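Enquirer: Counting with this note's numbering, you get residues 74 to 458 for the letters of the sequence shown. Using N, Cα and C, we set each Cβ at its ideal position, and we do this for glycine too. Just so you know, these numbers come straight off a predicted model, no measurement behind them.
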Amino acid sequence: MRFLKANKVFNGKQWLPEGSLLVIDGQNALKEIVAENTVQKDKIEVFDGIITPGFVNAHCHLELSHLKGKIQKHTGIPGFGKHIIMQRMSGVSKEKIQESASAADEEMWKNGILAVGDISNGDDSFKTKQKSKIKYHTFIEILGLNPANESMMFDLSFPFLKLLQSLDLPGSLAPHAPYSTSLQLIERIAKFDKENNLPLSIHNQETEEETKFFFGKENDFKGLYDFLKADISWFKAPGCSSLRSYINSFNNQKVMLVHNTFSTEEDVHLAADKNCFFCFCPKANLYIENKLPDYSLFKDQVNSICLGTDSLASNDGLDLLAEANIILKHTQQFTLENALQILTYNGAVALNIENEFGTLIPGKNAGLNLVNFKNDQLSLTQKII
Ligand SMILES: [Zn+2]
């Protein structure tokens, strides 16, 4: 049995009363939280800093880890998409992809990340997830802009979800983005996830080109679709924001909108009315678009914000505190308490795993990190368990 004490303890939602002791059993699970004066002084381990539950990285793409440093910065999303496709066609071995995914998994573990929402287009990362100490919720990603291909694209991806389930790994289906997935396909995926009580994720308003595409203005996706030799002459721009065009596909279910860099106040309200989660990936936004969301638009959404690292194709590391620090540096919008909740509890709720992760739950090992907060920046001092 261990008895742990720190200057402050944050339980994922709030500060614990001063003098709270965490009692940890031999299996590294939290047994209970007791008052300091109930335990003999010499048995107590004292930590200098803030103890928090393990972090929850709500958005990652493990299977792209081998692309670290391979894609140039500031290309914008259409250019980035083209580079990803070119790299995927360049014939990297499955071994190399899996080796990089495992190294990325280890990096996240060392950085105090205990649970991850991870996008998969295939099964390259499944082996890593099976062996990992981290809890993964996998979003099997589906693309297909042409409504005529709705069934074909759904049927092509579905076996990956079945494979995941056969490996005892949790997962759900997820449309890639509104510019790459037809409204019909988004609706079908949303219906499936809703019926099975599964969380859904979609890349949302990551680029201004997406907004132009939906308003029928000239945009850079034309170059991407030309490169893919995809005829999209049939596409009729709805004349509204992308989010407005698909938000009604969701019906009282858990949805995570990833990025939201170009979301307007109206978009934020539309999504908030549907109880969507907003997942920010600031370092990837700076890498690809060199632009950050206007965080002030999200001031009333603190309970619905979570954080992701995105992939190593658009980031130099998988460090959730580094993501939080960009936001803390960029805006005074969020308090330390908000940031800690965003790093832990909110991501767990977005991934439907709040009964196991993101808070200090007796009987569970949701991880314990020791962090410090100096000059408005967070740092990980130690991963305690
Ligand atoms: Zn992503």
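(1) When the distance is taken between beta carbons, is residue 422 closer than 8 Å to residue 381?
(2) Ends of the alpha helix (DSSP H) at residue 411?
(3) In this structure, does DSSP put residue 315 in helix, strand or coil?
(4) Just checking my contact of residue 315 with residue 248 at CB under 8 Å: how many whole Å lie between their CB atoms?
(5) Whole beta strand (DSSP E) runs in the region 187-237 with 3 or more residues, listed along the chain?
(6) Going straight from the alpha carbon of residue 160 to that of residue 366, what length do you get?
(7) Unbroken beta strand (DSSP E) runs of length 3 or more, entirely within the region 312-384: which are they?
(8) Answer yes or no: the CB of residue 383 versus the heavy atoms of ligand 1, is any distance below 7 Å?
(9) Would you report the Cα separation of residue 78 and residue 142, rounded to the nearest angstrom?
(10) Locate the alpha helix (DSSP H) running through residue 176, then write down its first and last residues.
(11) If you run the structure through DSSP and keep just helix, strand and coil, what is residue 110?
(12) Let me confirm a value: residue 442 is counted as buried when at least 16 other C-beta atoms fall within 10 Å, else exposed. Which label applies?
(13) Should residue 139 be counted as a contact of ligand 1 given a C-beta to heavy atom distance under 7 Å?
(14) So is the beta-carbon of residue 156 under 7 Å away from any non-hydrogen atom of ligand 1?
(15) Going by other Cβ atoms of all chains shown within 10 Å of its Cβ, with 16 needed for buried, is residue 154 buried or exposed?
(16) Within 7 Å: the Cβ of residue 342 and any heavy atom of ligand 1?
(17) Could you tell me if the beta carbon of residue 210 falls within a distance shorter than 7 Å of some heavy atom in ligand 1?
(18) Please classify residue 449: is it buried, with 16 or more other beta-carbons within 10 angstroms of its beta-carbon, or exposed?
(19) Give me, in chain order, the residues of the same chain whose beta-carbon lies closer than 6 Å to that of residue 352; leave out the 5 immediate sequence neighbours on both sides.
Expert: Working from what's here:
(1) no
(2) 409-416
(3) helix
(4) Actually they do not touch by this definition, with Cβ atoms about 11 Å apart.
(5) 208-215
(6) 28 Å
(7) 328-332, 350-353 and 378-380
(8) yes
(9) 40 Å
(10) 167-183
(11) helix
(12) buried
(13) no
(14) no
(15) buried
(16) no
(17) no
(18) exposed
(19) 131, 132, 329, 331, 379 and 381
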